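According to full-length UniProt numbering, the sequence shown holds residues 1 to 136 in order. Yeah, the Cβ is synthetic: ideal placement off N, Cα and C, and Gly gets one too. Small disclaimer: the values here were computed from a predicted structure and weren't measured.
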Amino acid sequence: MSDPTFDFALTLRCYRKRLGLDQAELAELLNVTQATISRWEAGIRAPRDPVEVLMHLHELSDVFDDIVDDVIALAMSDAAGRVILTTYQINEHWWLADERARDLALPASMHQAATAQAAREISADDGTVVTIRASR
Numbered sequence: 001m002s003d004p005t006f007d008f009a010l011t012l013r014c015y016r017k018r019l020g021l022d023q024a025e026l027a028e029l030l031n032v033t034q035a036t037i038s039r040w041e042a043g044i045r046a047p048r049d050p051v052e053v054l055m056h057l058h059e060l061s062d063v064f065d066d067i068v069d070d071v072i073a074l075a076m077s078d079a080a081g082r083v084i085l086t087t088y089q090i091n092e093h094w095w096l097a098d099e100r101a102r103d104l105a106l107p108a109s110m111h112q113a114a115t116a117q118a119a120r121e122i123s124a125d126d127g128t129v130v131t132i133r134a135s136r
């Protein structure tokens with residue numbers, strides 16, 4: 001990937017942040033070390049196969065979009081007309097509720113980011129007040 005208009009380091013960092021992941025969480029999902037992610041994001045090194053990494057990031061983004069849709073589908077409303085969204089604070093709680101999250105070992109931070117995105121989408125439609133709560 002010698003395309004001078006392509007910045008792998010910036011692309012990786014943008015995807016990671018959109019997915020709500022820290023470097024250690026992304027490293028675990030990509031089966032590399034946190035130090036490797038740090039070097040990739042700093043532009044010190046690049047992966048042996050950047051296309052493979054980008055494909056995995058695209059797959060994670062597709063999963064993220066599915067999670068946003070799931071959160072919206074499970075939205076509830078209270079008596080005041082506010083929309084209530086539920087997210088998870090602990091990985092294991094999410095994994096108990098979602099087999100795919102468990103199978104992919106997705107961190108709860110990814111669900112939290114997807115919930116924030118769902119709240120933004122709901123609110124943007126008509127200014128609806130959205131409240132986010134933790135799963136019990």
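Quick check on residue i: buried or exposed, where buried means 16 or more other Cβ atoms within 10 Å of its Cβ?
{"i": "Ala105", "result": "exposed"}
{"i": "Ile37", "result": "buried"}
{"i": "Phe64", "result": "buried"}
{"i": "Val51", "result": "exposed"}
{"i": "Arg16", "result": "buried"}
{"i": "Met110", "result": "buried"}
{"i": "His27", "result": "One point to set straight first is that residue 27 is Ala, not His, in the sequence displayed. So Ala27 counts as buried."}
{"i": "Thr87", "result": "buried"}
Could you tell me the alpha carbon to alpha carbon distance between residue i and residue j, rounded to whole angstroms?
{"i": "His56", "j": "Leu30", "result": "8 Å"}
{"i": "Glu41", "j": "Gln23", "result": "9 Å"}
{"i": "Val68", "j": "Ala124", "result": "14 Å"}
{"i": "Met1", "j": "Leu19", "result": "Confidence at Met1 is low in this model, with a pLDDT of 47, below 50, so the placement of that residue is unreliable and no value is reported for it."}
{"i": "Arg45", "j": "Glu92", "result": "33 Å"}
{"i": "Arg136", "j": "Thr11", "result": "35 Å"}
{"i": "Trp94", "j": "Asp62", "result": "18 Å"}
{"i": "Ile84", "j": "Arg48", "result": "44 Å"}
Span of the alpha helix (DSSP H) holding residue i?
{"i": "Arg133", "result": "Where Arg133 is concerned, there is no enclosing alpha helix (DSSP H), although the beta strand (DSSP E) it sits in stretches over 130 to 134."}
Which residues mark the beginning and the end of the beta strand (DSSP E) in which residue i is found?
{"i": "Ile84", "result": "83 to 87"}
So residue i and residue j are supposed to be a Cβ contact under 8 Å. How far apart are they, rounded?
{"i": "Glu121", "j": "Ile72", "result": "7 Å"}
Quick check for students: name the residue ranges of the beta strand (DSSP E) that lie wholly in the UniProt domain "HTH cro/C1-type" (12 to 47), counting only runs of 3 or more.
none
Secondary structure, alpha helix (DSSP H): runs of 4+ residues fully inside the stretch 61 to 124:
91 to 97, 99 to 104
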